[in-house]
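**Student:**
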Amino acid sequence: MAPLPDWTAAAPAILLGLTAIALLIIDSISPRSKNRNLLAGTTLVGTLAALAAAVGLLVTGTGTNGGVAIYGGQIVVDGMSLFFTIIFTSVAALVTLASYDYLAGENEQAEYYALVMLATTGMAMMASAGSLALVFVSFELLSLPSYALVAFLKDNRGSVEASLKYLLVGALSSAILLYGISLVYGVTGGLSFETIAANIQNSGLTGMLGIGVLMVLGGFAFKTASVPFHFWAPEAYEGAPGPISAFLSSASKAAGFVVAFRVFTVAFGLDIVSSVDWVLAFQVLAIVTMTLGNFAAATQDNVKRMLAYSSVGQAGYVLIGLAALGGGQDALVLGMSMTHLLVYGFMNTGAFLFIALAEHWDIGRTFADYNGLGSQAPIACAAMSVFMLSLAGIPLGGGFLSKYFLFGAAVGAGFWWLAAIAIVNSVLSLYYYLRVVRAMWFEESNGDRTIEGYPLGLYTAVIAAAVVTVLLIPAFNFVADPAVDAAAALF
Amino acid sequence: MVPVQYYLLLSAGLFCVGLFGILTRRNALVFLMSVEIMLTAANINFVAFSFQHGNLTGQVFSLFTIALAAAEVAVGIGIVLVLYRNFRGVDVTEAATMRW
Numbered sequence: 001m002a003p004l005p006d007w008t009a010a011a012p013a014i015l016l017g018l019t020a021i022a023l024l025i026i027d028s029i030s031p032r033s034k035n036r037n038l039l040a041g042t043t044l045v046g047t048l049a050a051l052a053a054a055v056g057l058l059v060t061g062t063g064t065n066g067g068v069a070i071y072g073g074q075i076v077v078d079g080m081s082l083f084f085t086i087i088f089t090s091v092a093a094l095v096t097l098a099s100y101d102y103l104a105g106e107n108e109q110a111e112y113y114a115l116v117m118l119a120t121t122g123m124a125m126m127a128s129a130g131s132l133a134l135v136f137v138s139f140e141l142l143s144l145p146s147y148a149l150v151a152f153l154k155d156n157r158g159s160v161e162a163s164l165k166y167l168l169v170g171a172l173s174s175a176i177l178l179y180g181i182s183l184v185y186g187v188t189g190g191l192s193f194e195t196i197a198a199n200i201q202n203s204g205l206t207g208m209l210g211i212g213v214l215m216v217l218g219g220f221a222f223k224t225a226s227v228p229f230h231f232w233a234p235e236a237y238e239g240a241p242g243p244i245s246a247f248l249s250s251a252s253k254a255a256g257f258v259v260a261f262r263v264f265t266v267a268f269g270l271d272i273v274s275s276v277d278w279v280l281a282f283q284v285l286a287i288v289t290m291t292l293g294n295f296a297a298a299t300q301d302n303v304k305r306m307l308a309y310s311s312v313g314q315a316g317y318v319l320i321g322l323a324a325l326g327g328g329q330d331a332l333v334l335g336m337s338m339t340h341l342l343v344y345g346f347m348n349t350g351a352f353l354f355i356a357l358a359e360h361w362d363i364g365r366t367f368a369d370y371n372g373l374g375s376q377a378p379i380a381c382a383a384m385s386v387f388m389l390s391l392a393g394i395p396l397g398g399g400f401l402s403k404y405f406l407f408g409a410a411v412g413a414g415f416w417w418l419a420a421i422a423i424v425n426s427v428l429s430l431y432y433y434l435r436v437v438r439a440m441w442f443e444e445s446n447g448d449r450t451i452e453g454y455p456l457g458l459y460t461a462v463i464a465a466a467v468v469t470v471l472l473i474p475a476f477n478f479v480a481d482p483a484v485d486a487a488a489a490l491f
Numbered sequence: 001m002v003p004v005q006y007y008l009l010l011s012a013g014l015f016c017v018g019l020f021g022i023l024t025r026r027n028a029l030v031f032l033m034s035v036e037i038m039l040t041a042a043n044i045n046f047v048a049f050s051f052q053h054g055n056l057t058g059q060v061f062s063l064f065t066i067a068l069a070a071a072e073v074a075v076g077i078g079i080v081l082v083l084y085r086n087f088r089g090v091d092v093t094e095a096a097t098m099r100w
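Just so you know, the protein sequences line up as chains G and W, in that order. Last residue of the first sequence: 491 (UniProt numbering), numbering continuous. Last residue of the second sequence: 100 (UniProt numbering), numbering continuous.
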């Protein structure tokens with residue numbers, strides 16, 4: 001059999017883009033269609049096809065030997081890009097399933113799904129970007145649909161306000177990112193990672209390069225909802241429709257991380273640390289982000305807002321992957337960071353989809369509103385308990401193992417203080433995660449709440465996420481090995 | 001030939017003008033304009049450095065960013081429109097129903 005042409009390595013992104021176009025064509029044939037089966041079905045088929053393509057490419061070894069570079073090195077498909085494409089498409093599939101019920105009766109369903117698909121395409125492109133030009137274009141391809149999706153409930157003040165704040169911070173940080181890219185271009189004379197890596201050492205313009213690198217870091221901090229650009233996250237996650245909160249807090253965050261991993265390890269590299277110490281910048285960011293996220297989460301009464309801050313805290317843990325570089329365990333640290341993002345992709349999406357389910361039932365948003373829910377919806381509440389315990393790092397889900405190995409890798413690299421702060425934070429986070437579990441199972445229901453129906457799509461998505469979260473304990477090595485291999489290929 | 005430092009000064013100045021606008025103005029439309037100024041500052045850098053390095057990468061990329069800036073404003077104005085419908089105004093401090 002003849003080998004496949006090189007462009008087929010980009011199949012996941014192409015399939016996602018085609019799905020978006022197909023949805024727009026369906027919308028132009030029958031505008032304002034409320035045919036949920038057709039629209040959600042098309043999206044789900046396209047997403048699962050992209051997922052299958054990514055898994056297939058990863059299993060058949062496309063990612064090895066430096067990966068496949070196409071379009072003159074603009075797109076690089078390697079182990080890391082495929083690994084992250086798997087995260088993005090899995091989350092998109094769960095979000096699509098959940099949206100099936102969440103959107104019942106809405107007019108603009110085709111646009112909604114098309115925007116989700118376009119944003120997912122942007123994520124897949126970000127994961128395989130080989131130049132800062134593609135980084136910026138795909139960054140915007142992800143951001144613009146996200147702004148619109150957050151504002152999807154056009155008559156809901158919270159949704160509009162959330163979208164405005166997301167847009168304000170997003171537009172500012174994309175301008176900062178672009179200015180940083182322009183400075184890096186000025187120093188190195190190129191935008192592709194290879195050119196930058198080749199010229200970054202012998203430029204002599206350390207000051208300008210330093211400002212450029214910091215500004216690029218700022219742009220990524222926005223996407224990953226890290227300090228100092230995290231202000232939008234609680235607002236956007238709280239105001240957005242539930243499935244979109246899940247999408248943004250899991251997949252969009254992972255997209256910010258993959259591009260940060262690649263740009264900082266491949267383009268800037270560890271060699272410039274002696275003059276532009278970006279590892280130190282990430283250490284500060286990691287500590288501030290995890291501490292601020294966890295303390296803010298502990299003070300919330302609103303469950304969705306608590307989850308929003310908890311996702312800021314989780315971003316702090318993942319930042320360890322870049323903050324603990326240079327200690328001789330680079331591949332392990334980065335690989336564990338990637339694994340934690342994958343586990344987080346399932347458990348955090350599941351948690352937000354449970355909130356979407358609660359919004360669907362209209363039972364309120366505070367911890368007290370969840371009192372006694374366990375007796376009325378035991379299966380969903382059991383799944384939510386799995387997510388909470390796994391997020392907290394209790395060995396009921398993959399979150400325990402990924403956190404354990406991530407902190408262990410940081411200790412092994414000599415950054416024991418980083419791991420110590422992370423563990424203290426992790427213990428603190430138990431408090432607010434367990435509050436949800438306690439409210440659901442141990443508190444008496446305080447009102448005459450009625451739950452109408454058990455929506456199939458939402459339930460399927462929540463349970464699927466819970467099953468994967470639990471299965472990631474026995475299958476942990478199955479996921480962690482490719483991640484470490486993919487990370488090792490970057491150095 | 002104008003030395004590249006002067007372009008860099010001009011773009012840094014423009015960037016700061018845009019940043020100042022973002023930090024001080026409360027009108028959402030002025031905010032979008034300020035972001036445009038910041039993006040323009042980056043474009044000046046790209047074109048100037050492109051000339052300096054003698055390759056076209058920066059010039060071509062600045063065309064990309066002009067298109068992207070237009071798309072960003074299109075989405076931004078849409079959001080400002082729904083903001084106006086819901087809050088009867090385009091003041092960004094009005095929309096503050098959620099607290100920290």
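Glycine included, each C-beta is placed from N, C-alpha and C at the ideal position.
Using a Cβ-Cβ cut-off of 7 Å, state whether I22/W counts as contacting chain G.
**Tutor:** Yes, contact with chain G.
**Student:** Can you have a look at Q5/W and say buried or exposed, based on whether 16 or more other CB atoms are within 10 angstroms of its CB?
**Tutor:** Looking at its Cβ environment, which holds fewer than 16 other Cβ atoms inside 10 Å, Q5/W is exposed.
**Student:** Would the C-beta of T97/W count as close to the ligand ATP, meaning under 6 Å from any of its heavy atoms?
**Tutor:** No copy of the ligand ATP occurs in the structure displayed, which carries no ligand at all.
**Student:** Which residue wins for smallest C-alpha separation from F193/G, given the options V266/G, G122/G, M215/G, S143/G?
**Tutor:** Closest option to F193/G, Cα to Cα, is V266/G.
**Student:** CA-CA distance, L391/G and T60/G?
**Tutor:** In a straight line, the C-alpha of L391/G is about 32 Å away from that of T60/G.
**Student:** Do we get a CB-CB distance below 7 Å when we pair M1/W with the residues of chain G?
**Tutor:** Output row for M1/W: interface = no.
**Student:** Can you find the residues in the same chain that come closer than 6 Å, C-beta to C-beta, to M215/G, ignoring five residues on each side of it along the sequence?
**Tutor:** Cβ within range, chain order: I176, Y179, G180.
**Student:** Let me make sure I understand the geometry here. Which of A53/G, Y309/G, T339/G, A151/G has the alpha-carbon closest to that of P12/G?
**Tutor:** Answer by Cα proximity: A53/G.
**Student:** Is there a C-beta anywhere in chain G that falls below 7 Å from the one on L39/W?
**Tutor:** Yes, contact with chain G.
**Student:** Nearest-angstrom Cα distance between D481/G and G89/W?
**Tutor:** Rounded to whole angstroms, D481/G to G89/W spans 54 Å at the Cα level.
**Student:** G219/G touches chain W at which residues, Cβ-Cβ below 7 Å?
**Tutor:** Chain W residues near G219/G: none, gap ~11 Å exceeds 7 Å.
**Student:** Consult DSSP for N302/G and reduce its assignment to one of helix, strand or coil.
**Tutor:** The answer is strand: DSSP assigns N302/G an E or B state.
**Student:** Relative to chain G, which residues along the region 39-70 of chain W have a C-beta separation below 7 Å, given in chain order?
**Tutor:** Cβ contacts with chain G: L39, A41, A42, N45, F46, F49, H53, N55, T57, G58, F61, F64, T65, L68.
**Student:** Hey, quick one: how far does the alpha helix (DSSP H) through V14/G stretch, first residue to last?
**Tutor:** Strictly speaking, residue 14/G in this sequence is Ile, with Val absent from that position. First-last of the alpha helix (DSSP H) with I14/G: 11-29.
**Student:** Return yes when the Cβ of V169/G is within less than 7 Å of the Cβ of F220/G, no when it is not.
**Tutor:** No, Cβ-Cβ distance for F220/G and V169/G is not below 7 Å.
**Student:** Run through chain W and tell me which residues come within less than 7 Å of L172/G, C-beta to C-beta.
**Tutor:** Result: I22, V35.
**Student:** Determine the DSSP secondary structure at N27/W, reduced to helix, strand or coil.
**Tutor:** DSSP places N27/W in strand when its eight states are reduced to three.
**Student:** Nearest CA to the CA of D91/W: which residue from I37/W, L81/W, N27/W, I77/W?
**Tutor:** Among I37/W, L81/W, N27/W, I77/W, the Cα nearest to that of D91/W belongs to N27/W.
**Student:** Quick check on this structure: which residue in M338/G, A240/G, A380/G, F415/G has the alpha carbon closest to the alpha carbon of G326/G?
**Tutor:** The option with the nearest alpha carbon to G326/G is F415/G.
**Student:** Identify the contact partners of I79/W in chain G, using a Cβ-Cβ distance below 7 Å as the criterion.
**Tutor:** Ordered by position in chain G, the residues that pass the 7 Å Cβ test against I79/W are Y147, A151, S163, L164, L167.
**Student:** Please confirm if R365/G has its CB atom under 7 Å from at least one CB of chain W.
**Tutor:** So, not an interface residue.
**Student:** For V77/G, report the span of its beta strand (DSSP E) as first-last.
**Tutor:** 75-77 is the span of the beta strand (DSSP E), which, as asked, contains V77/G.
**Student:** Whole angstroms is fine: what's the gap from T366/G's alpha carbon to S250/G's?
**Tutor:** So the alpha carbons of these two residues sit roughly 22 Å apart.
**Student:** Does the Cβ-Cβ distance between V462/G and L292/G come in under 7 Å?
**Tutor:** The answer is no: Cβ separation not under 7 Å.
**Student:** Measure the C-alpha to C-alpha separation of L322/G and A413/G and round it to an integer number of angstroms.
**Tutor:** Rounded to the nearest angstrom, the two C-alpha atoms are 12 Å apart.
**Student:** Exposed or buried, which one is M1/G when buried takes at least 16 other CB atoms within 10 Å?
**Tutor:** With a pLDDT of 49 at M1/G, under the threshold of 50, the modelled position of this residue cannot be trusted; read the value that follows with caution. That one is exposed.
**Student:** Taking CB distances under 7 Å as the criterion, tell me whether T93/W reaches chain G.
**Tutor:** So no, T93/W is outside the interface.
**Student:** Could you tell me which chain G residues have their CB closer than 7 Å to the CB of L83/W, listed as they occur along the chain?
**Tutor:** In chain order: V160, L164.
**Student:** Taking only three categories from DSSP, how would you classify I44/W?
**Tutor:** It is helical.
**Student:** Note down the Cα distance separating N55/W from M208/G, rounded to an integer number of angstroms.
**Tutor:** When rounded, the distance between both Cα atoms is 20 Å.
**Student:** To the nearest angstrom, how far is it from the Cα of W100/W to the Cα of A9/G?
**Tutor:** Residue placement at W100/W cannot be trusted, given a pLDDT of 46 that sits under 50; what the coordinates show is reported in the next sentence. Those two C-alpha atoms are separated by around 44 Å.
**Student:** Do S182/G and F87/W have their C-beta atoms within less than 7 Å of each other?
**Tutor:** No, the pair does not count as a contact, with Cβ atoms beyond the cut-off.
**Student:** Using the beta-carbon count (16 or more within 10 Å), is residue 110/W buried or exposed?
**Tutor:** For residue 110/W there is no data in the structure shown, the boundaries of chain W being 1 and 100.
**Student:** Work out the CA separation of L334/G and L24/G for me, nearest whole Å.
**Tutor:** So the alpha carbons of these two residues sit roughly 38 Å apart.
**Student:** Within 10 Å of its beta-carbon, does N477/G have 16 or more other beta-carbons around it, so buried, or fewer, so exposed?
**Tutor:** Classification of N477/G: exposed, given that the 10 Å Cβ count is below 16.
**Student:** Starting from Y185/G, find everything on chain W with Cβ-Cβ shorter than 9 Å and list it in chain order.
**Tutor:** The contacting residues are N45, F46, F49, S50, H53, T57, G58, F61.
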